[in-house]
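Chemist: Structure below; questions to follow.
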Amino acid sequence: MYRSGYFEIMYRRLLVSLPALVAFNLNAQNYVPNWSFEDHVQCPSQFNQIQLATGWNKHLLNNVAPHHVDYFHTCGSGGFEVPGGFWGNQLPSTGQAHAAISTRSPLAPDYRENIYAQLIEPLTPGAFYTISMKVSHTDLSAGATNNLGIKLSTTTAFPIDNTDHLHATAILDDHVNWVTLTASLFADSAYAYIAVGNFHTDANTTVSTVCPSCPYVHNEYYIDDICILPHTDNGDPVFCDIAYTPSTTGFEGEAKPELTLLTNLLGPGEQIVRIQGLPGGPTDLVLMDAMGRTVTRRSSVAGPALDWPIGDLAAGTYVLAAVPANGEVRTARLLIAR
Ligand SMILES: [Ca+2]
Ligand SMILES: [Ca+2]
115 MYRSGYFEIM YRRLLVSLPA LVAFNLNAQN YVPNWSFEDH VQCPSQFNQI
165 QLATGWNKHL LNNVAPHHVD YFHTCGSGGF EVPGGFWGNQ LPSTGQAHAA
215 ISTRSPLAPD YRENIYAQLI EPLTPGAFYT ISMKVSHTDL SAGATNNLGI
265 KLSTTTAFPI DNTDHLHATA ILDDHVNWVT LTASLFADSA YAYIAVGNFH
315 TDANTTVSTV CPSCPYVHNE YYIDDICILP HTDNGDPVFC DIAYTPSTTG
365 FEGEAKPELT LLTNLLGPGE QIVRIQGLPG GPTDLVLMDA MGRTVTRRSS
415 VAGPALDWPI GDLAAGTYVL AAVPANGEVR TARLLIAR
């Protein structure tokens with residue numbers, strides 16, 4: 115009863131102070147437009163037609179014309195129908211369509227077939243999200259790679275610079291099943307665009323011949339079900355309504371060290387939150403509100419624990435980030451009820 119009372123207070127306060135945030139979390143809308151490639155302006159009939167899938171664009175960096183990403187739909191023809199298309203047999207993970215993308219090719223150094231879309235709304239800085247997608251190695255590709263993933267940006271620039279927000283660390287060679295790639299994301303910017311592909315150079319990508327008798331040299335993958343969903347107000351991940359495969363854990367983004375708060379829901383009269391799990395070296399602490407604005411900060415504290423005064427803070431949802439001089443940023447979500 116004690117806790118539920120505070121939740122009610124907090125909820126009413128949030129409705130007054132942060133109506134947009136609350137409404138958005140209740141909807142739990144996928145930020146990715148046409149996330150299953152179902153919507154199309156025309157049925158595919160030849161190579162290089164990903165732009166027939168509404169909202170999706172070719173990213174031409176390191177691409178070699180006329181090659182690019184292929185689009186497959188049950189209404190397609192000429193090898194671009196599903197489930198039996200040019201690259202082999204695969205039912206879509208969801209619906210009647212999917213895409214096929216190359217992570218690497220001997221066609222050219224650092225050759226890529228990355229694609230991008232504008233998110234339905236920009237992400238909220240300081241908020242947590244779950245990002246995921248489904249991939250399947252194509253039946254007729256000789257080679258398989260690691261590094262297929264997702265990169266977010268505030269612009270349409272997606273350089274091949276060995277950085278991204280999710281990628282497969284293992285070589286993806288399952289050509290029968292769809293494999294789920296997933297990670298938690300702390301949005302440090304108002305990301306407005308998503309790209310899918312391989313954002314690592316050839317020198318940093320591992321390739322393996324998994325089908326010596328297969329005819330095609332592109333390392334080609336089917337893609338479907340691309341999702342970005344906000345965590346719940348309690349900080350729990352929210353997955354798309356697709357099967358989650360535990361065997362695909364171990365991707366970047368899941369291993370980030372987290373701060374621990376003695377309690378992350380503080381009620382009336384509480385003046386201090388105890389922060390645990392701080393890095394040992396010099397660390398800056400930054401407290402942000404739900405919109406990602408800095409509320410207060412403290413420089414060069416040292417771990418492992420610290421009492422942070424919260425008596426002056428208004429009710430609401432906050433994110434506390436510990437930024438060490440050396441090492442990974444650690445974060446925790448803090449809820450304050452008044
Ligand atoms: Ca689909
Ligand atoms: Ca297959």
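Here the sequence shown is numbered in our numbering, starting from 115 and rising by one per residue.
Glycine is no exception: its CB is placed at the ideal position from the N, C-alpha and C atoms.
State the Cα-Cα distance for the pair threonine 244 and cysteine 341, rounded to the nearest angstrom.
Modeler: Counted from its first residue, the sequence shown places residue 244 at position 130. Counted from its first residue, the sequence shown places residue 341 at position 227. About 8 Å.
Chemist: If you count every other CB in all the chains shown that lies within 10 Å of the CB of valine 433, and 16 or more means buried, which is it?
Modeler: On the sequence shown, position 319 is the one that residue 433 refers to. Buried, since its Cβ has 16 or more Cβ neighbours within 10 Å.
Chemist: Give me the Cα-Cα distance between threonine 295 and alanine 309, rounded to the nearest whole angstrom.
Modeler: Working through the sequence shown from its first residue, we reach residue 295 at position 181. Working through the sequence shown from its first residue, we reach residue 309 at position 195. Per the sequence shown, residue 295 should be read as leucine rather than threonine. Cα to Cα, the separation comes out at about 14 Å.
Chemist: Consider the C-beta atom of glutamine 204 and the heavy atoms of ligand 2; say whether any pair is separated by less than 6 Å.
Modeler: By 1-based counting over the sequence shown, the position of residue 204 is 90. Yes, the beta carbon of glutamine 204 sits closer than 6 Å to at least one heavy atom of ligand 2.
Chemist: Would you report the Cα separation of alanine 416 and threonine 346, rounded to the nearest angstrom?
Modeler: By 1-based counting over the sequence shown, the position of residue 416 is 302. By 1-based counting over the sequence shown, the position of residue 346 is 232. One C-alpha to the other measures close to 30 Å.
Chemist: What residues are listed by DSSP as bridge partners for glycine 311?
Modeler: Your numbering for residue 311 matches position 197 in the sequence shown. According to DSSP, glycine 311 bridges with Gly263.
Chemist: Between the alpha carbons of threonine 359 and cysteine 157, how many angstroms are there, rounded?
Modeler: Here the question's residue 359 lines up with position 245 in the sequence shown. Here the question's residue 157 lines up with position 43 in the sequence shown. Bear in mind that the predicted position of threonine 359 carries a pLDDT of just 35, short of 50, making it unreliable; the figure below should be weighed with that in mind. Taking the straight line from one Cα to the other gives about 31 Å.
Chemist: Ligand 2 and aspartate 253: does any heavy atom of the ligand fall closer than 6 Å to the residue's C-beta?
Modeler: Along the sequence shown, read from residue 1 onward, the residue named residue 253 stands at position 139. It does: the Cβ of aspartate 253 is within 6 Å (strictly closer) of some heavy atom of ligand 2.
Chemist: Cβ of cysteine 328 within 7 Å of Cβ of alanine 256?
Modeler: Residue 328 sits at position 214 when you count from the first residue of the sequence shown. Residue 256 sits at position 142 when you count from the first residue of the sequence shown. Yes.
Chemist: Between valine 352 and the rest of its own chain, which residues show a CB-CB distance below 7 Å, the 5 nearest in sequence each way excluded?
Modeler: Position 238 of the sequence shown, counting from 1, holds the residue named residue 352. So the list reads Ala142, Thr244, Leu343, Pro344, His345, Thr346, once near-sequence residues are dropped.
Chemist: From the DSSP secondary-structure annotation, give me the bridge partner or partners of isoleucine 274.
Modeler: Position 160 of the sequence shown, counted from the first residue, corresponds to residue 274. None, per the DSSP bridge assignment.
Chemist: Per DSSP, which one or two residues make a beta bridge with tyrosine 225?
Modeler: Position 111 of the sequence shown, counted from the first residue, corresponds to residue 225. According to DSSP, which records beta bridges pairwise, tyrosine 225 is partnered with nothing at all.
Chemist: Taking 7 Å as the threshold (C-beta atoms), are asparagine 176 and arginine 226 in contact?
Modeler: Stepping through the sequence shown from its first residue, residue 226 is reached at position 112. Stepping through the sequence shown from its first residue, residue 176 is reached at position 62. Their beta carbons are under 7 Å apart, which means arginine 226 touches asparagine 176 by this criterion.
Chemist: In the DSSP assignment, find the beta strand (DSSP E) that holds isoleucine 389 and state where it starts and stops.
Modeler: Within the sequence shown, the letter at position 275 stands for residue 389. Taken as a continuous stretch (DSSP letters only), the beta strand (DSSP E) holding isoleucine 389 covers 386-390.
Chemist: Between threonine 315 and glycine 198, what straight-line distance do the alpha-carbon atoms span, to the nearest angstrom?
Modeler: In the sequence shown, counting from the first residue as 1, residue 315 sits at position 201. In the sequence shown, counting from the first residue as 1, residue 198 sits at position 84. One C-alpha to the other measures close to 31 Å.
Chemist: Taking Cβ to Cβ, would you say asparagine 318 is nearer than 7 Å to asparagine 276?
Modeler: In the sequence shown, residue 318 corresponds to position 204, counting from 1. In the sequence shown, residue 276 corresponds to position 162, counting from 1. Yes, Cβ-Cβ distance for asparagine 318 and asparagine 276 is below 7 Å.
Chemist: Assuming serine 246 and phenylalanine 194 are in contact, meaning their beta carbons sit under 8 Å apart, how far apart are those beta carbons, in whole angstroms?
Modeler: By 1-based counting over the sequence shown, the position of residue 246 is 132. By 1-based counting over the sequence shown, the position of residue 194 is 80. That pair is no contact at about 26 Å.
Chemist: Please report the distance separating the alpha-carbon of threonine 320 from that of glutamine 385.
Modeler: For this step, residue 320 is matched to residue 206 along the sequence shown. For this step, residue 385 is matched to residue 271 along the sequence shown. Roughly 52 Å between the two C-alpha positions.
Chemist: Measuring CB atoms only, is the stretch 276-286 touching the stretch 250-267, in the sense that at least three cross pairs come out at less than 8 Å?
Modeler: Segments in contact, yes.
Chemist: Quick one: grab the DSSP three-state call for phenylalanine 121.
Modeler: Position 7 of the sequence shown, counted from the first residue, corresponds to residue 121. With a pLDDT of only 33 at phenylalanine 121, under the threshold of 50, the placement of this residue in the model should not be trusted, and no figure is reported.
Chemist: Thinking C-alpha only, which one of Ile424, Arg411, Val400 is nearest threonine 377?
Modeler: Mapped onto the sequence shown, residue 377 falls at position 263. Threonine 377 has its Cα closest to that of Ile424, out of Ile424, Arg411, Val400.
Chemist: Serine 267: which of Val324, Gln232, Ala439 sits nearest, CA to CA?
Modeler: Within the sequence shown, numbered from 1, the residue matching residue 267 stands at position 153. That would be Gln232, whose Cα lies nearest to the Cα of serine 267.
Chemist: For chain D, find out if any of its Cβ atoms is closer than 7 Å to the Cβ of isoleucine 389; answer yes or no.
Modeler: Judged by its chain identifiers, the structure shown contains no chain D, having just a single protein chain.
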